[in-house]
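>
Numbering (full-length UniProt numbering), first residue to last: 1 to 284.
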């Protein structure tokens, strides 16, 4: 089932670009199926197109969404499977047909996503388009970083000694305005974060050769799955408390903003790009 996205006024257009943003969409529930799409009007003046989707839950690092871009003739011109921190960029070709295009966002799981599409007029190279838009910084290797213009986000002088899944996700929310950001509230690059939470479920996938640990994120009332290499069912069970230690990394900078991540998150993103699953021993 496909569904055209109701923009509800969340769009912008001027002489430089056209920008479309969806409301929060929960896939595969009610009348919402696995595919939703925008229908942008793309003429010969459009040079470049950028698409991405974002989960509001920052710690849900293994979820992915498929992005498919088709021209007015129905031919697929670009497609990619991306995580919540990645974007797809397309430079329009001379032979692409003009008219009503289709920008699809596909997910087979029951998750909430917010979806973004932008095209840029007379910009025929990546270097010609803005590096920022609407609180996003577009870095190298198709990486997206979120930031907030609200300046005060570090409220505590001392970071918490231990965090669970809900508290860890809150570290990536700016309390000044409630926006998700790519830096931690109470930690800096070089710090360590000690994580401890109850495993509510655990499963092993022999095809992937990976074990998924599930934890509850209470603020958004969703279960978060973290994956590690190998079959770990003989070592861990539902109801156990999992203790892990993560290093805070500097992963980018923009106009005085330091983007931060955890070493485990970076290993998960690397897996989404083809690397092996992270080993749990590296975080104990």
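Just so you know, even glycine gets a beta-carbon here, dropped at the ideal spot from N, CA and C.
1. So the beta strand (DSSP E) residue 215 belongs to, where does it begin and stop?
2. State yes or no: is the C-beta of residue 199 within less than 8 Å of the C-beta of residue 215?
3. Rounded to whole angstroms, what's the CA-CA distance from residue 272 to residue 246? Just pull it up for me.
4. Run through DSSP, which three-state label would residue 268 get?
5. What's the C-alpha gap between residue 36 and residue 257?
6. Report the three-state DSSP secondary structure of residue 169 (helix, strand or coil).
7. Which same chain residues end up closer than 6 Å to residue 233 when comparing Cβ atoms and leaving out the 5 residues on each side of it in sequence?
8. What would DSSP say about residue 134, mapped onto helix, strand or coil?
9. In the DSSP assignment, what residue or residues form a beta bridge with residue 99?
10. What is the residue span of the beta strand (DSSP E) that residue 243 lies within?
11. Which runs of the beta strand (DSSP E), 3 residues or longer, sit entirely within the region 48-75?
12. Measure the CB-CB distance between residue 104 and residue 82 and report whether it falls below 8 Å.
13. For the beta strand (DSSP E) holding residue 87, just list the boundary residues, first then last.
14. Could you give the residue range of the beta strand (DSSP E) that holds residue 227?
15. So, at 6 Å on beta carbons, what are the nonlocal neighbours of residue 53 in its own chain, with the 5 sequence-adjacent residues on each side left out?
16. Starting from residue 18, trace the beta strand (DSSP E) in both directions and tell me its first and last residue.
17. If you check the beta carbons only, do residue 95 and residue 72 fall under 8 Å apart?
18. Measuring CA to CA, which of 177, 265, 210 and 32 is closest to residue 227?
19. Whole angstroms are fine: how far does the CA of residue 231 sit from the CA of residue 207?
20. On the DSSP bridge assignment, give the partners of residue 204 in chain order.
21. Since residue 37 sits in a beta bridge, which residues does DSSP pair it with?
22. Which residues share a DSSP beta bridge with residue 26?
23. For residue 118 and residue 17, which I take to be in contact (beta-carbon distance under 8 Å), what is that distance rounded to the nearest angstrom?
Well, looking at it:
1. Taken as a continuous stretch (DSSP letters only), the beta strand (DSSP E) holding residue 215 covers 210-217.
2. Going by C-beta atoms, residue 199 is nearer than 8 Å to residue 215.
3. For residue 272 and residue 246, the distance between alpha carbons rounds to 19 Å.
4. In the structure shown, residue 268 sits in a helix (DSSP, three-state: H, G or I).
5. Their Cα atoms are separated by approximately 33 Å.
6. Collapsing the DSSP output to three states places residue 169 in a helix.
7. Cβ neighbours of residue 233 beyond the five flanking positions: 204.
8. Here residue 134 sits in coil by DSSP.
9. DSSP lists 42 as the bridge partner or partners of residue 99.
10. Counting along the chain, residue 243 sits inside the beta strand (DSSP E) bounded by residues 241-254.
11. With a minimum length of 3 residues, the continuous beta strand (DSSP E) runs that stay inside the region 48-75 are 64-70.
12. Contact flag unset, no.
13. Where residue 87 is concerned, the enclosing beta strand (DSSP E) stretches over 87-91.
14. Element bounds for residue 227: 222-229.
15. Within its own chain, the residues whose Cβ lies closer than 6 Å to the Cβ of residue 53, once the five positions on either side in sequence are excluded, are 65, 105, 113 and 115, listed in chain order.
16. Note, residue 18: beta strand (DSSP E), 17-21.
17. For residue 95 and residue 72, no; Cβs fall outside 8 Å.
18. Closest by alpha carbon: 210.
19. Residue 207 and residue 231: Cα-Cα distance of roughly 11 Å.
20. Note: residue 204 sits in a beta bridge opposite 211.
21. According to DSSP, residue 37 bridges with 4 and 104.
22. DSSP links residue 26 through a beta bridge to 112.
23. Rounded, the Cβ-Cβ distance is 6 Å, consistent with contact.
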